[in-house]
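For the numbering used here, add 21 to where a residue sits in the sequence shown, where the first one is 1. Reading through the structure tokens given below for one structure.
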Amino acid sequence: MLTLYFAPHTCALSVLIALKWLDVPHKVEKVKLGDPEYRKLAPLGMVPAMTDEHGKLMTQAAALLKYLVNKYPAAKLGGDGTLDGNYVLDEKLAFLTGDFHPAFWPFFSPKRFTVKEDEASIAAIKSASHIRIDRVMLELDRQLGNNAYLLGQQRSIADAYAFAMARWADYLPKTISHYPNAQRFMQAMQEDEGVQAALKHEA
22 MLTLYFAPHT
32 CALSVLIALK
42 WLDVPHKVEK
52 VKLGDPEYRK
62 LAPLGMVPAM
72 TDEHGKLMTQ
82 AAALLKYLVN
92 KYPAAKLGGD
102 GTLDGNYVLD
112 EKLAFLTGDF
122 HPAFWPFFSP
132 KRFTVKEDEA
142 SIAAIKSASH
152 IRIDRVMLEL
162 DRQLGNNAYL
172 LGQQRSIADA
182 YAFAMARWAD
192 YLPKTISHYP
202 NAQRFMQAMQ
212 EDEGVQAALK
222 HEA
């Protein structure tokens, strides 16, 4: 059985959503980021991590999502199987991993970006992050356009990943309501039964 190591309010939610969509047997273990006991399993102490039926450890959200696509191809949570279709999915995942997620790091973990510890320095880093977050939120909004999902009308792992992180915008002065396509997408996702089942693990 697959076991997902999960911490609330992280991108690990994306993998949990995919597991709920797949409706396959799985376990969820809540962990604390950086906990010494958890680091014995996952040395970086980060989530998501997942073990397969044989106990093999796997990490990194995008890689885990692609693993699930390949393991359960009949669910059609990936690209359309064509060269171009698979590229589009990989492009979305690369945007979410390489641009979207890192934009939030200075906001949530400002001490990573300075050796100073005074309140003014920390506040300045968090404030500076707003511009970068707005840029990636605008890009997400553009990519969605009038489509229901990032791949058009086909639900995919990219949507689970985007949902898990886009909700972080509500911690900022410019909330999700400022991005109409993203807001529509988020509202629809919140009504999804698999998403609701995954969110129960954060309650």
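Glycine is no exception: its CB is placed at the ideal position from the N, C-alpha and C atoms. All of these numbers come straight from a predicted model, not from anything done at the bench.
_If you measure between the beta carbons of K87 and I154, is that distance less than 9 Å?_
No, these two residues do not count as a Cβ contact at 9 Å.
*Use the C-beta contact count for A141: other C-beta atoms within 10 angstroms, 16 or more gives buried, fewer gives exposed.*
Answer is exposed; the Cβ neighbour count stays below 16.
*Inspect the CB distances between the segment 62-73 and the segment 23-39 and report whether three or more fall short of 8 Å.*
Judged by Cβ distances under 8 Å, the segment 62-73 makes contact with the segment 23-39, as three or more pairs qualify.
*Considering only residues of the segment 112-150, which uninterrupted alpha helix (DSSP H) runs meet the minimum length of 4 residues and lie entirely inside it, listed in chain order?*
Runs of the alpha helix (DSSP H) inside the segment 112-150: 122-129.
*Flag this pair as yes or no: are the beta carbons of A82 and L43 separated by less than 9 Å?*
In terms of Cβ geometry, A82 and L43 do not form a close pair [threshold 9 Å].
_C-beta atoms of K231 and Q164 nearer than 9 Å_ = Any question about residue 231 goes unanswered here, given that the chain covers just 22 to 224.
*Have a look at A218 and D56 and give me their C-alpha separation to the nearest angstrom.*
If I take the Cα positions, the gap works out to 26 Å.
*With distances taken from CA atoms, which of F121, L159, K137, W126 is nearest A149?*
Nearest C-alpha to A149: W126.
*CA-CA distance, L4 and Y108?*
No answer is possible for residue 4: it lies beyond the span of the chain, which begins at 22 and ends at 224.
*With 16 as the cutoff for other CB atoms within 10 Å, does F129 come out buried or exposed?*
By the C-beta density criterion, F129 is exposed, having fewer than 16 other C-beta atoms within 10 angstroms.
*Given a cut-off of 9 Å, decide if E223 and L34 are closer than it, judged by their beta-carbon atoms.*
Contact: yes.
*Apart from the five residues on each side of it in sequence, which residues of its chain come closer than 6 Å, Cβ to Cβ, to L40?*
Sequence-distant partners of L40 (beyond 5 residues in either direction) whose C-beta falls short of 6 Å from its own C-beta, in its chain, are H47.
*Between the CA atoms of R60 and Q175 - distance to the nearest angstrom*: In this structure, the alpha-carbon of Q175 lies about 37 Å from that of R60.
_DSSP-derived helix/strand/coil call for M158_ = Helix, per DSSP.
*Is the CB-CB distance between A169 and F121 below 9 Å?*
For the 9 Å CB-CB criterion, A169 and F121 do not form a contact.
*Span of the alpha helix (DSSP H) holding M79?*
Counting along the chain, M79 falls outside any alpha helix (DSSP H), though it belongs to the beta strand (DSSP E) covering 78-80.
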